[in-house]
Amino acid sequence: MTDDTLVALQQQAHTRHVIEQRITRLFAAEDAGLQNALEAAKVAGLPAIQISPIQGKLLQMLATLCNARKVLEIGSLAGYSGIWLARALPADGHLLTLEIDAKHAEVVRNSFAKAGVGDRTEVRVGKALDILPTLESESPFDLVFIDADKQPYPQYLEWALRLTRPGSVIVADNCIRGNRLLDPAQVTDETEKAVAEYNQRVAQNPRLQSLALAMDDDFTDGFTIAVVRPEERS
Ligand code: SAH
Ligand code: DHB
Ligand code: MG
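Just so we're aligned: the sequence shown equals residues 73 to 306 in the working numbering.
What follows is the structure, encoded as structure tokens:
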């Protein structure tokens with residue numbers, strides 16, 4: 073690679089970063105509740121692997137668009153994405169978020185309360201694949217957000233399909249991972265295989281209308297978004 077090419081690439085990366093910052097400032101600024109959740113996560117020593125503000129705003133808009141009253145999240149971490157989602161809910165709405173780590177769950181409950189959404193949120197501690205089969209009586213969920221361990225993504229999709237209704241939205245994070253996932257020939261490790269399988273199944277499911285959207289980490293990662301189609305349409 074020549075020096076000129078390198079400089080051009082660095083300029084492109086810088087431009088993307090500035091654009092992301094400006095969009096964030098104008099459209100996806102964090103309120104005190106979100107800022108507190110990030111601070112509490114840092115103090116508790118949790119990894120900073122939450123979604124970006126732009127992703128949070130998109131989740132919130134998707135929840136608003138489908139008139140979400142019941143939202144299911146798989147993978148709470150410190151409650152950052154949960155706060156974005158809970159803010160789209162009406163007063164009698166409910167966000168149920170599943171978290172395997174009891175320490176994370178404690179941080180989440182505090183952050184939800186401080187953000188003023190304690191009344192419409194619930195953190196359930198356990199392995200998602202153990203909890204999901206118990207949720208039928210609480211379904212259908214209007215929106216499901218998948219963002220926990222990556223290996224079971226295809227199984228999380230099966231549960232999401234069972235626990236939703238026509239018109240529901242199913243969103244999963246980390247579906248692109250540096251473009252390898254969109255090219256099955258480049259996928260080597262088991263985690264990547266599982267997420268590639270997730271994308272494949274979503275894209276090919278006739279019940280779903282779907283799109284992977286590169287939007288995070290300098291456009292190398294992002295959501296796959298799917299809408300459950302109405303039963304029949306001619
Ligand atoms: N959605 C969060 C980030 C989630 S990070 C945000 O954007 O703010 C992934 C979380 O999933 C971690 O807190 C991790 O402890 C949890 N997790 C990992 N494996 C899990 C499992 N099998 N069941 C439930 N939660 C799990
Ligand atoms: C990891 C997990 C995530 O959900 C994410 O958004 C980023 C990184 C991880 O396990 O490294
Ligand atoms: Mg993620």
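Just so it is clear, CB atoms sit at the ideal spot from N, CA and C, and this is done for glycine as well.
Please read these numbers as outputs of a predicted model, since none were measured by experiment.
ALA244 sits away from ILE203, with the two beta carbons spaced by 8 Å or more.
Cα atoms of PRO226 and LEU134: separation of roughly 22 Å, rounded to the nearest angstrom. Excluding its 5 nearest sequence neighbours in each direction, LYS265 has C-beta neighbours in its own chain below 8 Å: VAL259, listed in chain order.
The C-alpha of LEU130 lies about 10 Å from the C-alpha of SER124.
Taking the Cβ atoms as the reference, ARG141 lies roughly 5 Å from GLY165, within the contact range of under 8 Å. Not a single heavy atom of ligand 2 lies less than 7 Å from the C-beta of ILE146. Closest option to ASN277, judged by alpha-carbon separation, among ARG159, LEU118, LEU229, ASP261: LEU229. Taking 7 Å as the cut-off, the C-beta of HIS176 counts as close to a heavy atom of ligand 1. DSSP, read as helix, strand or coil, puts ARG192 in helix. At a Cβ-Cβ threshold of 8 Å, VAL299 and LEU280 count as neighbours.
Taking 4 residues as the shortest admissible run, the stretch 251-294 contains the following complete alpha helix (DSSP H) segments, listed from N- to C-terminal end: 262-276.
CYS138 is positioned such that its CB atom lies closer than 8 Å to that of LEU215. TYR152 is the residue among ARG94, THR96, GLN93, TYR152 whose C-alpha sits nearest the C-alpha of ALA120. At a Cβ-Cβ threshold of 8 Å, LEU144 and LEU201 do not count as neighbours.
Not one heavy atom of ligand 3 lies closer than 7 Å to the C-beta of ILE155. The closest CA to that of ILE146, considering only GLY190, GLY154, LEU170, is found on LEU170. Excluding the 5 residues flanking it on each side, ASN182 has same chain C-beta neighbours closer than 7 Å at ALA112, in chain order. With a threshold of 16 other beta carbon atoms within 10 Å, MET287 meets it and is buried. The DSSP-derived three-state label of ALA200 is helix.
As DSSP reads the structure, VAL243 sits in a beta bridge with PHE217, ILE297.
Restricting attention to ALA109, GLU102, ARG237, LEU285, the CA atom closest to the CA of ARG249 is found in LEU285.
If you draw a straight line from the Cα of GLU303 to the Cα of ASN271, it is about 22 Å long. According to the DSSP assignment, THR169 belongs to no alpha helix (DSSP H) but to the beta strand (DSSP E) extending over 166-171.
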